[in-house]
Structure formats: C-alpha cells, structure tokens
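Working notes for the structure below.
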Amino acid sequence: MNQKISRRKMLGRTGRAVLVGGLGSPFFIRAANRGADRWPHGAVVGENTGMRVGEKILADGGNAIDAAVAAALAASVAAPARSGIGGYGRHMIVALNGGRKVAAIDFNTAAPTAARPDMFPLDEKGAVTGSINLYGWKAVGVPGTLAGLQLALNRFGTRSFREVVKPAIEIAEKGFLINKVFANTIRTSAARFAQDSGSTKIYLKDGQPLGEGDMLRNPELAKLLSVLAERNSVDSFYRGDISQRIADAFQKNAGLVTTKDLAAYRAREVEPLRLQLGDFAVLTAPLTRGGLTILQALSILKVLDWNPASRAGPAAHARLEALRLAWKDRLELLGDPEKVKVPVKKLLSQDYAQELAAKVRGAVKEKKLVANSIAEHHA
Numbered sequence: 001m002n003q004k005i006s007r008r009k010m011l012g013r014t015g016r017a018v019l020v021g022g023l024g025s026p027f028f029i030r031a032a033n034r035g036a037d038r039w040p041h042g043a044v045v046g047e048n049t050g051m052r053v054g055e056k057i058l059a060d061g062g063n064a065i066d067a068a069v070a071a072a073l074a075a076s077v078a079a080p081a082r083s084g085i086g087g088y089g090r091h092m093i094v095a096l097n098g099g100r101k102v103a104a105i106d107f108n109t110a111a112p113t114a115a116r117p118d119m120f121p122l123d124e125k126g127a128v129t130g131s132i133n134l135y136g137w138k139a140v141g142v143p144g145t146l147a148g149l150q151l152a153l154n155r156f157g158t159r160s161f162r163e164v165v166k167p168a169i170e171i172a173e174k175g176f177l178i179n180k181v182f183a184n185t186i187r188t189s190a191a192r193f194a195q196d197s198g199s200t201k202i203y204l205k206d207g208q209p210l211g212e213g214d215m216l217r218n219p220e221l222a223k224l225l226s227v228l229a230e231r232n233s234v235d236s237f238y239r240g241d242i243s244q245r246i247a248d249a250f251q252k253n254a255g256l257v258t259t260k261d262l263a264a265y266r267a268r269e270v271e272p273l274r275l276q277l278g279d280f281a282v283l284t285a286p287l288t289r290g291g292l293t294i295l296q297a298l299s300i301l302k303v304l305d306w307n308p309a310s311r312a313g314p315a316a317h318a319r320l321e322a323l324r325l326a327w328k329d330r331l332e333l334l335g336d337p338e339k340v341k342v343p344v345k346k347l348l349s350q351d352y353a354q355e356l357a358a359k360v361r362g363a364v365k366e367k368k369l370v371a372n373s374i375a376e377h378h379a
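Residue numbers (my numbering): 1 to 379.
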C-alpha cells in the first residue's frame, strides 16, 4: 500500500545535505573528508556558532533549508563583522531530489532610489573622500538578507520562521564570548564605533573596545528578532512599523533608504546558470551574483581541455589568462540585469569560448600575457 507523504514530510526527508555559505563569508566544503559518522543527518560548514545551530536543526528533523536559515540567522548575531540582518544581501543555490531540481534565490542588496553615480566624490588621488562608500549611512543599501531567508524557508523549508530564529534570539539575549579574531576586528574599528551611539553601546565599554573573552550582548537586536518571531514573518521589517523606524533612522543620519525602498524590495527565485563539464554540471546563481565570471573562465578552459591537476607551467598560465579575460568582461559588461543589458548568452556561448581560448593558446605559447587582458588594464 502506498503511503501518502505531505509536502513538508517530503522536504524533510530530502534535507540530509551539506550546507555551505550564506553565513557571512565564503566557506569551502570540508565535510566530504570527515565521514558519515561525524554528521549522520548532514553537515553545515561555516561560522562556528551558526554551524552548531544548523547541525542541531538537522538532528531534530529539520531539512537542509531549515538548517541553513537558522544557521544564517545565528551567524548574523554571533559574527556581525561577516554578516547581519541589515547588511549586505546574498544568494542561495538549492538542490532538491538528489540534484534533479536546482533553484536559486537572489536576495542581494538593492541601491536606494536616491542613489546617484556622483554620490561618492573622489579626492585628488582618485579615492572616495572620507571612505563614505564603505562606512556610514550612505554606504548602506536596502538589506536583502531577511527577505531571502524568509523566501527560502517558505519555498523549500519545513519549519516556521518563529522556530528557526529562536537560537539567534537566545544568542543575542545571553551573549557570546568574543574570540581573538573578532576582538581584533572590534579594536581596529573602535574609532568608527565611537562616532555612532548604537555601535558604542554594543562594542565599547567605558570608551574602550571589548576584548577577547569579553561577553557581547545585543538586547535590542534580540527584541527586534523576538517581534519578528511573534509575527512569524519578516514582513514588518520591510513594510510596517519596523520599516518606518529604520527609514526614520536613515533620514536622521543623512542616509538614503526610505520606507518606499524597503516596501519595494523583493527577494526573487531565479533560474541558475549552468555549465556542463564532462560528467559534472556546475551551477551558480545568475546576476547579480558573480558566478557568471567563474563559468566563463571554466568554459574557456573546457575548450582548452585543461587539466585541473596540473598546477604549474602552461596549465597554470592558461588558468590565469582565462581568469583575466573573464574578469575583464566582468568589469566592462556585468551589472544589475534590471538596469543594464548584459550579454550573458554570448559570454557563455561556445563560439565566444573558442575565441577567447585561441587568445589563451597564443599567450601560453609565447609565454606572455593575453593582449588587453585585465592585467594590462591595471598595469
């Protein structure tokens, strides 16, 4: 007799997976060499606190997406220098049914409507005056992290937002011990923190930066996440009372993000880009993700019948030239596909790969750089 399985049960059974990235900085798969005994339910690789939270979600029967979202939320509290709910957005690749279905979610940061090409004036050396493109309220775009995590949970998860955000709330309330790396980050940023009342309250004590072994608590973040947990949704972060408070703070501090910017923001499920390499398929989120550059370089190397095991000599030279050519196109042609026309099909076409591969062959043969490559561009 066939047993009927609900969508949530089915998704839960497909959740034994390796989760990588989305936790604040690039991470690499280490799980394959650890053995099944280490992670009987699947593995989360990334920021340590988020990793432990994600592993517990898997052990408790959650699927890979439940674990990834919980891990990302926990990491946004425990590793604010890497990620944060108000910081830069991300992308996610989701593989279901043994890889037979692959989806991507774009929750990259969006520029506010008031952003202009000349909003960051340059000094005589060509650098942005005061580094206001990196620090301060004008450097902040419309945050996409919460919207993307909510969309992933809605589409592919089995747990509610209320459930997966609980560990992050607990970390923010009870605090966590600052390690050596994070202590150094706080120390080097102390002068900027001192200019902002919110940062001062969190990262400084009696005017001095918190150090290794100190406890860091963020009760206000815990309250905000608790409100979202009670509502079981991040919607009010973008449309509602919380978004109004965020926009008011931007206005007070000469920032650019408004309630209209927040309300207009949407995370999107998008079709991944794909490149076939022998028996393997390489997939990445499309623009605004930068994986297109990697696929373009791989397409050139595929034409060259490149051997990845060769790490020196002509093989290394070919790899570098392919990357230079792909990076040149990245700087000259890539952008937000909603704002500019990007020739994605051409960049990944066989004809274009052949054209660039011919340039690489010539450069390797002559032991020179490819003419007009990115290396020459910056020389």
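Backbone N, C-alpha and C fix where the C-beta goes; we use that ideal spot for every residue, glycine too. Only a predicted model underlies this, so the values are computations on that prediction, with no experimental measurement involved.
C-beta contact flag for residue 146 and residue 85 at 7 Å: yes
Coil, strand or helix - residue 100 by DSSP: coil
Of the listed residues 94, 348 and 285, nearest to residue 108 (C-alpha basis): 285
Residue 161 - containing alpha helix (DSSP H), residue span: 161-164
DSSP-derived helix/strand/coil call for residue 109: coil
Sequence-distant residues of the same chain with beta carbon closer than 8 Å to residue 205, five excluded per side: 214
Validate contact between the stretch 169-188 and the stretch 76-84 using beta carbons, cut 8 Å, 3 pairs: yes
Continuous alpha helix (DSSP H) stretch holding residue 270: start and end: No alpha helix (DSSP H) holds residue 270; the beta strand (DSSP E) holding it covers 268-270.
The stretch 230-240 in contact with the stretch 146-162 per 3-pair CB rule at 8 Å: yes
Own chain partners of residue 343 with C-beta closer than 8 Å, once the 5 adjacent residues on each side are dropped: 333
Three CB pairs or more closer than 8 Å across the stretch 128-139 and the stretch 254-270: yes
Own chain, CB closer than 7 Å to residue 222, minus 5 neighbours either side, in chain order: 169, 172 and 173
C-alpha gap between residue 29 and residue 176, whole angstroms: Only weak support exists for where residue 29 lies, its pLDDT of 39 falling under 50; the value from the coordinates is given anyway. Between residue 29 and residue 176, the C-alpha separation is close to 26 Å.
According to DSSP, residues forming a beta bridge with residue 93: 104
Run of the alpha helix (DSSP H) containing residue 303, from where it starts to where it stops: 291-303
Alpha carbon of residue 75 to alpha carbon of residue 348, nearest angstrom: 35 Å
Environment of residue 271 [buried if 16+ CB atoms lie within 10 Å]: exposed
4-residue-minimum alpha helix (DSSP H) runs that sit fully inside the stretch 161-218, ordered along the chain: 161-164, 166-174, 180-193 and 197-203
Residue environment, residue 360, which counts as buried when at least 16 other CB atoms sit within 10 Å: buried
Any beta strand (DSSP E) of 3 or more consecutive residues that is wholly inside the stretch 115-169: none
Inter-residue spacing [alpha-carbon to alpha-carbon] between residue 194 and residue 210: 12 Å
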